[in-house]
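Written below as structure tokens is the structure these notes are about.
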Ligand code: UD1
Ligand code: UDP
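Numbering (my numbering), first residue to last: 54 to 420.
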């Protein structure tokens, strides 16, 4: 009988990077994948899954308006444990660094179900940036049986933390699989001009909340100084983010503040962009995959490969310093061209197949 692999996830980035893993596992003769959604996100989760057409077995539907991290953790833990039990999970797969990631891994661990971590081993080296994602990753890795590291650097980080070498597989990033799949199928949103230069903007990370309003004000100045560029900013549904960024940017005619995009549209927007300005993790990998330079509003990144390859630049998160550096990049066509020519360090689009093969081998040994 096939072994039941429950893929547990709950937010937009996890869904985008786990959907290709589900599709790869579906081809396995030995494994039967099923999806458990925690529902940490609601609309953004549905929008992420739409283009992949993957079914889920259950949704714990835990999201509430303005949820706090402790409340969220307390809602996920018992419900996830119960679901794993009822679904008769032989093995659980989690992804990345969200609260869903860590709490689902913990729930499986408490149920004596082995857990594999997709996108394991990324480290910024600072527990405060990204917050709480660095801690979520470290804690998840402490509980896992198998580690699917997207890069050799991630593998080295895991081995420094004591992970057994034979349980760590370097697979490439499933974000590459996802963006290659979606950018072929997605349709450009109507608000995006067919010609001219476009910047895709996303900002939402918790450690940037205190500087989001001044960042938006400085970005508005950059937009006013570059009237021939269009800035497309799909604003995260978190009211804290919307209240911080919308007042300064909504008066700018060349800034399109829009609701979050379904992933196919987002992929088409990214492929159409000249630059990406973001504090997201996934957009760093997607920019690298599409050859679109990424300027990151953070002081540190747990994804140093993009910086080393030259496709990603770190701006810091001081509002005026970061936006001055970004404006300089917009004005430097030669630098943009050079960055865009960088090699993609995140993979070749076959990470999910490698994960399926490695997992089959591990399960044959374990169960
Ligand atoms: C979470 C992750 C973060 C990830 C991000 C991806 C944690 C601690 N954080 O942060 O690592 O980068 O998701 O986007 O796990 N909301 C909606 N509808 C949605 C989604 C969110 O209304 O579809 C609103 C709700 O009011 C919710 C709030 O956003 O309470 C915050 O959502 P939450 O998942 O707690 O935090 P994110 O900032 O999205
Ligand atoms: N994304 C999307 N629609 C949007 C904004 C982002 O589909 O309106 C995708 C984006 O392409 C990437 C992922 O969501 O694949 C990034 O998620 P997010 O920024 O929420 O999380 P992070 O990467 O910071 O963890």
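Virtual Cβ for every residue (Gly too), placed ideally from N, Cα, C.
| Query | Result |
| --- | --- |
| The ligand UDP and residue 334: does the residue's C-beta get closer than 7 Å to at least one heavy atom of that ligand? | yes |
| So residue 331 packs on residue 256, CB below 8 Å; how close in whole Å? | 7 Å |
| Give me the DSSP bridge partner(s) of residue 86. | 58 |
| What separation, rounded to the nearest whole angstrom, lies between the Cα atoms of residue 286 and residue 273? | 12 Å |
| With respect to the beta strand (DSSP E) encompassing residue 348, which residues constitute its N-terminal and C-terminal limits? | 347-349 |
| Is any heavy atom of the ligand UD1 found at a distance shorter than 7 Å from the C-beta of residue 123? | no |
| If you measure between the beta carbons of residue 172 and residue 149, is that distance less than 8 Å? | yes |
| To which residues of the same chain is residue 100 closer than 8 Å at the C-beta, ignoring the five residues directly before and after it? | 65, 313, 314, 315, 316 |
| Out of 195, 269, 104, state which residue places its alpha-carbon closest to the alpha-carbon of residue 375. | 269 |
| Going by alpha carbons, who is nearest to residue 362 out of 400, 371, 325, 379? | 400 |
| By Cβ distance, which residues of its chain are closer than 7 Å to residue 364, with the 5 residues on each side in sequence left out? | 340, 341, 346, 347, 392, 395 |
| Taking 8 Å as the cut-off, does the stretch 234-241 touch the stretch 297-310 (at least 3 CB pairs, one atom from each stretch)? | no |
| Considering only their Cβ atoms, is the gap separating residue 352 from residue 182 smaller than 8 Å? | yes |
| Is the separation between the beta-carbon of residue 198 and that of residue 169 shorter than 8 Å? | yes |
| Could you round the C-beta distance between residue 151 and residue 85 to whole angstroms and report it? I think they count as a contact, below 8 Å. | Wrong, their Cβ atoms sit about 25 Å apart, outside the cutoff. |
| Check this for me: beta carbons of residue 372 and residue 305, under 8 Å apart or not? | no |
| Any chance the CB of residue 170 is under 7 Å from a heavy atom of the ligand UD1? | no |
| Secondary structure at residue 287, three-state DSSP: helix, strand or coil? | strand |
| Output the distance between the C-alpha atoms of residue 398 and residue 111, rounded to the nearest integer angstrom. | 35 Å |
| Skipping 5 residues on each side, what residues in its chain have a beta carbon closer than 8 Å to that of residue 303? | 310 |
| For residue 217, name the three-state secondary structure that DSSP assigns. | coil |
| Tell me, please, which residues DSSP counts as bridged to residue 144. | 58 |
| Across which residues does DSSP place residue 309 in a beta bridge pair? | 285 |
| Closest to residue 74 by C-alpha separation, out of 357, 323, 225, would be which residue? | 225 |
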